[in-house]
Amino acid sequence: MRRGALSHSGPGGRGPRGHRGWNDANGKDAKQLHADIEYGWAWGTGSPLRSLWPTAGRPGDQLMSLIRFDSLSEDLLGALVASGWSAGRKVDPGQWVAPLESEGYRSHPLAEEILAAVGGLSIEPVDRVGPNFSNDEPYNFDPIAAGSGQRDLAAEVESVLGGVYFPIGEWLSYSSVFVEAGGRVVAAGMGWIWELGSTFEDSLELAVCANRPLNCLHSDPGLDPWPSPDSR
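At position 56 of the sequence shown the residue is numbered 116 (my numbering), and the sequence of numbers has no breaks.
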């Protein structure tokens, strides 16, 4: 298991919420960015909503089919933009997928779309104090740091929860974050497994905005669940 220890939430420490009123690198505000993301999703999925945009394939458009960035809160979008993300960002996920598959991981389309969109970014928290945990570290989308040499940890997650999990980054106290092919996202380390969300979008809201309690799914023998269930 990895080093470090997750810290309990305490008084004070609420992080800055200075993302409202932001513009991305192209000068677009939140409303414009949401519209661009919705456009790409509608054409990427064949949604009936594409009738709202009669022409597809405009320069710079990103077709989103597995991740609904348009569903994210304005504060979260602001934090993403501040980290260097944009609606059209797309990097080659192969730079991470190939070496991790050589260690025994099995990639899947959702993991690769996540890495194409946010791989290599470090997202600072919007809220630094959650309902039952301190959220005072960035969410680093570095799948090599999360997964290299950690295949046994991933195998434990798969044994406990079922499914096929691929590393996408690190969260609090260097815990490794894994995404399952069906969408579930968990963090694991130090003998615990935590639920981040049933979807990637939900997991971003928790990890960056601390918008709900952190739920411990599993603790190794001899370890009490953390956070404790009665702290929620």
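Glycine is no exception: its CB is placed at the ideal position from the N, C-alpha and C atoms. These numbers come from a predicted model, not from an experiment.
Determine the closest residue to residue 237 out of 282, 272, 206 and 218, with distance taken between C-alpha atoms. Here residue 237 refers to the residue found at position 177 when the sequence shown is read from its first residue. The shortest C-alpha separation from residue 237 is found at 206.
What is the rounded straight-line gap between the Cα of residue 246 and the Cα of residue 138? In the sequence shown, residue 246 corresponds to position 186, counting from 1. In the sequence shown, residue 138 corresponds to position 78, counting from 1. Near 23 Å, if we compare the C-alpha coordinates of residue 138 and residue 246.
Along the chain, where does the alpha helix (DSSP H) containing residue 156 start, and where does it finish? Locating residue 156 in the sequence shown gives position 96, where the first residue counts as 1. Where residue 156 is concerned, the enclosing alpha helix (DSSP H) stretches over 154-161.
Three-way DSSP call (helix, strand, coil) for residue 291 in this model: Taking the first residue of the sequence shown as position 1, residue 291 is located at position 231. DSSP places residue 291 in helix when its eight states are reduced to three.
Could you tell me which residues DSSP puts in a beta bridge with residue 249? Position 189 of the sequence shown, counted from the start, is the residue given in the question as residue 249. DSSP output for residue 249 lists 252 as bridge partner(s).
By how many angstroms is the C-alpha of residue 166 removed from the C-alpha of residue 270? In the sequence shown, counting from the first residue as 1, residue 270 sits at position 210. In the sequence shown, counting from the first residue as 1, residue 166 sits at position 106. Roughly 29 Å between the two C-alpha positions.
I'd like the ranges of any beta strand (DSSP E) spanning at least 3 consecutive residues and lying wholly in the segment 263-289. 275-279
Assign residue 162 to one of two classes, buried (16 or more other C-beta atoms within 10 Å of its C-beta) or exposed (fewer than that). What you label residue 162 is simply residue 102 of the sequence shown in a count that begins at 1. Residue 162 should be labelled exposed.
For residue 273 versus residue 185, is the C-beta distance shorter than 7 Å? Residue mapping note: residue 273 aligns to position 213 of the sequence shown, counting from 1. Residue mapping note: residue 185 aligns to position 125 of the sequence shown, counting from 1. For residue 273 and residue 185, no; Cβs fall outside 7 Å.
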